[in-house]
Amino acid sequence: MIGIDHRLLAGHQFAILNPLRLERQHWADLPVVSLAPPRLSSKAHAMPQLLDLATLSHERLGALLELADRWDRDSDAPFFSLLVRSESKAELIAAHLSRQLIVRAPDGSDALLRWFDPRVMPHLHWLLTPAQLHTISGPVNGWTWRDESWSWVSRDVPEPNDATARLRLDDDQWAAVGRLGVLNRTVRQFLRSSPGMRCDNNFYRRIDAGLREGYEKHGLVDEVDVRLLAQHGLRYPGIHARPEILHQLSRVRRGETSYVAACAGLDMDQLASQDATHYARMP
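Okay, structure coming up:
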């Protein structure tokens with residue numbers, strides 16, 4: 030695991046803490062500002078907290094780094110949900126990020142967008158358009174988080190602005206947000222068998238496309254089935270157009286078997302190699 034050091038933290042002016050993933054005694058005495066929007070002010074203690082790192086003394090910052098390292102070694106959630114680069118004042122950043130917590134769902138209702146979660150933020154960088162990424166980032170010009178391998182990943186936001194608009198998602202984007210939990214579980218499962226795979230935007234897009242295909246095109250309902258189908262689609266592009274697989278998928282839709290059980294009797298490597306010009310296996 031890659032720890033956090035003074036050089037990494039020195040490149041960021043703010044950090045975001047998630048009270049739901051930390052013990053209260055570890056952050057309650059820090060100079061934090063709740064990002065709770067007005068309508069959720071009664072739950073301010075449970076909303077993400079913005080920490081202005083410049084307000085900490087050298088000694089306190091060092092102690093916080095030690096605490097964060099100990100926490101990260103023992104927990105499955107990082108101490109710092111996100112690190113933030115911005116030259117704007119804390120009040121402006123807090124006001125802007127607070128507005129981005131509530132998004133309008135397709136049915137007209139409002140919902141909480143957990144952009145502050147390191148399991149969500151990476152996906153916003155492939156799911157959102159550049160304009161939407163500017164909207165959600167506002168005066169922020171860089172985000173950093175721990176990825177699935179527990180390494181630190183940073184993403185710049187070109188031409189940061191102080192937009193006051195709220196983020197709006199189209200129907201397809203909203204559906205993709207709804208699949209993020211399944212996507213993250215699929216990624217973790219995939220990386221256990223292919224630990225060297227690079228988790229870039231294209232990787233995430235291809236997994237999400239596989240999940241969508243499983244749910245919408247093939248009518249799968251069991252998450253385990255959908256995750257395996259998405260992994261097969263990533264490893265063996267085009268494999269689900271083969272007659273053998275289509276036959277098994279029709280059996281799954283009729284309730285005769287599961288996709289996992291149907292594939293247990295198939296040699297996917299052999300099927301993928303039967304037509305190498307059309308089905309190129311991923312390295």
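Be aware that the sequence shown starts at 30, since it is given in this note's numbering, and climbs by one per residue. In this text, a Cβ means the ideal position worked out from N, Cα and C, and glycines have one as well.
Under the Cβ criterion (8 Å, minimum of three pairs), the region 211 to 224 counts as touching the region 256 to 266. Measuring C-alpha to C-alpha distances from Leu220 to each of Val62, Phe232 and Ala124 identifies Phe232 as the nearest. Using a Cβ distance threshold of 7 Å, Gln129 and Ile165 count as a contacting pair. Judged by DSSP secondary structure, Ser279 falls within the alpha helix (DSSP H) whose first and last residues are Pro272 to Arg282. Under the three-state reduction of DSSP output, Trp56 falls in the coil class, being neither helix nor strand. Counting of Cβ neighbours within 10 angstroms places Arg227 among the exposed residues, the total staying below 16. The straight-line gap separating the alpha-carbon atoms of Leu263 and Glu177 is approximately 18 Å. Look at Ser178 here: in three-state DSSP terms it is coil, with no helix or strand label.
Between the alpha carbons of Asp136 and Asp199 lies a gap of roughly 12 Å. DSSP assignment within the region 95 to 120 yields the following whole beta strand (DSSP E) runs of 3 residues or more, N-terminal first: 111 to 114. For the 7 Å CB-CB criterion, Pro107 and Arg175 form a contact. Measuring C-alpha to C-alpha distances from Thr173 to each of Leu157, Pro159, Leu142 and Met150 identifies Met150 as the nearest.
For Phe43, there is no enclosing alpha helix (DSSP H); the enclosing beta strand (DSSP E) has its first and last residue at Phe43 to Leu46. Bridge pairing for Ala140: Val132 [DSSP].
By the Cβ test, the region 69 to 88 is in contact with the region 115 to 131, since at least three Cβ pairs between them sit closer than 8 Å. Exposed is the label assigned to Pro272, since fewer than 16 other Cβ atoms lie within 10 Å of its Cβ.
Ala204 and Asp251 have their C-alpha atoms spaced approximately 17 Å apart. Secondary structure note for Ser63: it is in no alpha helix (DSSP H), and the uninterrupted beta strand (DSSP E) holding it is Val61 to Ser63.
Between Ser183 and Phe145, the CB-CB gap reaches or exceeds 7 Å. The C-alpha of Ser71 is placed about 19 Å away from the C-alpha of His125. Under DSSP, Leu153 forms no beta bridge with any residue.
Take the alpha-carbon of His261 and the one of Leu37: they are about 37 Å apart.
The criterion of a C-beta distance shorter than 7 Å is not satisfied by Gln303 and Ala291. Across the structure, Gly248 and Thr158 are spaced so that their CA atoms are roughly 28 Å apart. Taking Leu82 as the centre and dropping the five residues before and after it, the same chain places the C-beta of Leu38, His41, Gln42, Phe43, Ala44 and Leu90 closer than 8 Å to its C-beta, in chain order. Cβ contact annotation for Thr286 (same chain, cutoff 7 Å, sequence separation greater than five): Arg280, in chain order. Taking a 10 Å sphere around the C-beta of Ser223, we find fewer than 16 other C-beta atoms and assign the residue as exposed.
For Leu162, the enclosing alpha helix (DSSP H) has its first and last residue at Pro159 to Ser166.
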